[in-house]
Amino acid sequence: MRRVTVSAPRDPWGALFPVEEAQRATQFLVDTWHTVTAKAPENFDRRRNEPQLTEQFWWYLDRLGEPDGKLLGQWSYEKPRFEFDPVTGKKIKRIRQDIEYFSNAGSVRLNLTYEFKKL
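Using this note's numbering, the first residue of the sequence shown is number 140, and each one after it goes up by one.
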């Protein structure tokens, strides 16, 4: 009798989730934050409101993502989402996502959300 072996990935999640791109996007976000806040700390003053800080940070991510980060996806900011009650026709829950990176460059679509909080 012949023995049959089936090889499976060690980490099935790793086979489905684009870990390398997620790591590159996250590292790029962190590196960009350190770079832009070191060059112009006055532009990221904690007295500014959070949406304004998020919008300004997104501008750098959007401009530098492809040339410096070698990322093929896109960045967005302050993306609103809500739950809708079809009976009443009203929004019942509203949230906004601070910074989002999304890409369908690989075989699996990647969508990462980064939340920022002022401390």
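C-beta atoms are modelled at their ideal positions from N, C-alpha and C, and glycine is treated no differently.
Just so we're clear, the structure is a prediction, and the values are computed from it rather than from any experiment.
DSSP puts residue i in a beta bridge; with which residues?
{"i": "GLN98", "result": "Because the chain in this structure spans residues 140 to 258, residue 98 falls outside the shown range and cannot be described."}
{"i": "ILE234", "result": "ARG220"}
{"i": "LYS229", "result": "ASP224"}
How would you call residue i, buried or exposed, if buried means at least 16 neighbouring beta carbons within 10 angstroms?
{"i": "ALA179", "result": "exposed"}
{"i": "TRP214", "result": "buried"}
{"i": "GLY245", "result": "exposed"}
{"i": "GLU159", "result": "exposed"}
Between residue i and the rest of its own chain, which residues show a CB-CB distance below 8 Å, the 5 nearest in sequence each way excluded?
{"i": "ASP237", "result": "GLU189, THR193, TYR216, GLU217, THR252, TYR253, GLU254, PHE255"}
{"i": "VAL247", "result": "LEU155, PHE156, PRO157"}
Going by Cα to Cα distance, which pick from the options is closest to residue i?
{"i": "LYS209", "options": "PHE183, PRO225, THR171", "result": "THR171"}
{"i": "PHE221", "options": "LYS232, LEU200, GLU239, ALA177", "result": "LYS232"}
{"i": "GLU205", "options": "ARG163, ASN250, LEU249", "result": "ARG163"}
Kindly indicate the opening and closing residues of the beta strand (DSSP E) around residue i.
{"i": "THR252", "result": "249-253"}
For the alpha helix (DSSP H) containing residue i, list its first residue and its last residue.
{"i": "THR176", "result": "158-178"}
{"i": "ASP184", "result": "Element bounds for ASP184: n/a, residue is neither H nor E."}
{"i": "GLU189", "result": "189-203"}
Kindly list the residues whose CB is nearer than 6 Å to the CB of residue i, restricted to its own chain and excluding five residues on each side of it in sequence; keep chain order.
{"i": "PRO219", "result": "ARG235"}
{"i": "GLY212", "result": "TYR240, PHE241, SER242"}
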